[in-house]
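A quick write-up on the structure given underneath.
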Amino acid sequence: MKTVLLGAPNAGKSTLAARLGLPDRFGGAESLADLVYECRGADLALIVFDVRVPAQVQASRSEIVVRQAGIGRAIAVANKMDLVGYEYESFKAARAVFLRGWAGTPPAFVPVSARLGDMLELPGDRIDWHYGPTLSALLGLREKVAA
Ligand SMILES: Nc1nc2c(ncn2[C@@H]2O[C@H](COP(=O)(O)OP(=O)(O)O)[C@@H](O)[C@H]2O)c(=O)[nH]1
Ligand SMILES: [Mg+2]
69 MKTVLLGAPN
79 AGKSTLAARL
89 GLPDRFGGAE
99 SLADLVYECR
109 GADLALIVFD
119 VRVPAQVQAS
129 RSEIVVRQAG
139 IGRAIAVANK
149 MDLVGYEYES
159 FKAARAVFLR
169 GWAGTPPAFV
179 PVSARLGDML
189 ELPGDRIDWH
199 YGPTLSALLG
209 LREKVAA
């Protein structure tokens with residue numbers, strides 16, 4: 069499975085890529101045309117955003133890349149949850165802004181701290197309001213389906 073990490077500069081893509089053992093390919097300032105070209109053949113896009121920074125435009129840009137590059141699946145990753153006290157309200161507000169920029173079927177959202185590891189391999193005990201799978205589990209499930 070080929071996974072790409074999309075998102076604005078400073079969203080935490082490199083930190084997350086290192087944690088998950090994924091290739092860290094984009095800085096976030098590339099042109100849409102370049103991103104579409106570079107993402108052809110990818111199966112999954114992780115769209116990483118800083119939960120403190122409104123991501124409506126980033127969502128729109130990423131959706132275009134996903135669609136134009138023919139990427140079958142996208143997961144939105146709300147990063148830096150540690151910097152908002154792991155609060156559900158912050159996640160919910162950031163997700164709502166993201167979805168204002170996203171026209172199609174909403175992606176799955178996972179709240180994480182790429183720096184501290186919450187909701188990556190293990191859920192941890194600080195994000196106790198999120199009942200969905202960890203990010204690793206979502207990636208692993210997909211690998212099993214594809215195998
Ligand atoms: N507090 C906190 N800082 C983070 C987190 N993820 C990334 N950072 C920091 O945010 C900055 C940008 O991260 P980086 O991975 O380089 O972002 P990129 O530009 O998207 O690759 C760095 O100083 C990281 O240490 C996180 O979950 N929590
Ligand atoms: Mg980077």
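In the numbering used here, the protein residues as written are 69 to 215.
Beta carbons: idealized from backbone N, C-alpha and C, even for Gly.
Every value quoted in this text rests on a predicted model; they were computed, and no experiment measured them.
Starting from Pro-179, follow its DSSP beta bridges and name the residues at the other end.
As a first step, residue 179 is located in the sequence shown; it is residue number 111 there, counting from the start. Beta-bridge pairing by DSSP links Pro-179 to Ala-146.
Extent of the continuous alpha helix (DSSP H) run through Thr-83
For the purposes of this step, residue 83 is taken as the residue at position 15 of the sequence shown. Counting along the chain, Thr-83 sits inside the alpha helix (DSSP H) bounded by residues 81-88.
So Ala-127 and Phe-177 are supposed to be a Cβ contact under 8 Å. How far apart are they, rounded?
Here residue 127 corresponds to residue number 59 of the sequence shown, with the count starting at 1. Here residue 177 corresponds to residue number 109 of the sequence shown, with the count starting at 1. Wrong, their Cβ atoms sit about 11 Å apart, outside the cutoff.
Let's see if you can read the secondary structure: which residues bound the alpha helix (DSSP H) around Phe-159?
Taking the first residue of the sequence shown as position 1, residue 159 is located at position 91. Following the DSSP letters along the chain, one finds Phe-159 inside the alpha helix (DSSP H) bounded by residues 156-168.
Once the 5 residues before and after Leu-103 are set aside, which same chain residues still bring their CB inside 6 Å of it?
Sequence index remark: in the sequence shown, residue 103 carries index 35 (1-based). The residues Val-133, in chain order, have a CB closer than 6 Å to that of Leu-103 in the same chain once the five nearest residues on each side in sequence are set aside.
For Val-73: DSSP bridge partner residues
Taking the first residue of the sequence shown as 1, we reach residue 73 at position 5. Note that residue 73 corresponds to Leu in the displayed sequence, not to Val. Answer by DSSP bridge pairing, in chain order: Leu-114.
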